[in-house]
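Here it is, written out as structure tokens:
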């Protein structure tokens, strides 16, 4: 669509903060590839990164909408509280508010062109506008990055070598070899003459021909499931990579 005359993509507007870094695996690289600026909204996590909320036995408490029943929609777990703890320490070291450090971190991330702030008073607006009047030292930034490190969601983790190895041989022991993971002893179970996998980071062995279905069952993988997960391009053709179908 962006290649059609008159309809170019010019910007991305997505939620981005120390507790919401889910845009990094896909949207940030896309913005960099297409030369787009990313406009980050909710850079202080709906107010959670301001420091006015504290953990209670069954949730959080504080003077704000997140402290009201049903006020927060995202799950708040150990990772989020750890981010808040590190952010509070960095803000104290720099003599800045937690909100200023959180906004500064987002605004200086790769591909971010601007950050949307939602001040509820002139004082908050002035404080937020001063969020770019300082630099976060490299050591402090490293601590923030590590505490808030993004975790792969299911759609991404499903295509890691570990997950694919589990699909091929559930419950097997795994070993690392040349940067990849494959079930221990998988090579010894391959019937002679059956198809070998094409070069790929995914350690799957299967064949699209119906007569080879027994081999796919041996690997704990149905042909339909394999096609759904990997797509036709991931299957080795007969005679490729030294393999052939009987």
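Numbering (full-length UniProt numbering), first residue to last: 1 to 246.
Even glycine gets a Cβ: it sits at the ideal position worked out from N, Cα and C.
Keep in mind it's a predicted model, so treat the numbers as computed, not measured.
Check                                                                                                                                 : Outcome
CB-CB length for residue 34 against residue 11, believed under 8 Å                                                                    : That belief does not hold up - the Cβ atoms of residue 34 and residue 11 are roughly 10 Å apart, past 8 Å.
Proximity of residue 98 and residue 88 at Cβ, strictly below 7 Å                                                                      : yes
According to DSSP, residues forming a beta bridge with residue 167                                                                    : Answer by DSSP bridge pairing: none, since residue 167 is not bridged.
Straight-line Cα distance separating residue 92 from residue 133                                                                      : 16 Å
Minimum length 4: unbroken alpha helix (DSSP H) runs contained in the UniProt domain "NADP-dependent oxidoreductase" (3–147)          : 27–34, 78–94, 98–107, 122–129 and 138–147
Contact check, residue 103 vs residue 43, beta carbons under 7 Å                                                                      : yes
CA nearest to the CA of residue 108, picked from 38, 8, 19 and 29                                                                     : 38
Cα-Cα separation between residue 252 and residue 32, rounded to whole angstroms                                                       : One cannot answer for residue 252 here, as it falls past the ends of the chain, which runs 1 to 246.
Whether residue 136 touches residue 41 by CB criterion (7 Å)                                                                          : no
Whole-angstrom C-beta distance between residue 83 and residue 165, which should lie under 8 Å                                         : Not a contact, Cβ separation roughly 31 Å.
Own chain, CB closer than 8 Å to residue 114, minus 5 neighbours either side, in chain order                                          : 37, 39, 40 and 107
Contacts around residue 23, its chain only, beta-carbon distance under 7 Å, and the 5 residues preceding and following it disregarded : 14 and 16
Residues of its chain near residue 19, where Cβ-Cβ distance is below 6 Å and the 5 sequence neighbours each way are ignored           : 45, 80 and 83
Residue 30 versus 78, 77 and 112, residue with shortest Cα-Cα distance                                                                : 112
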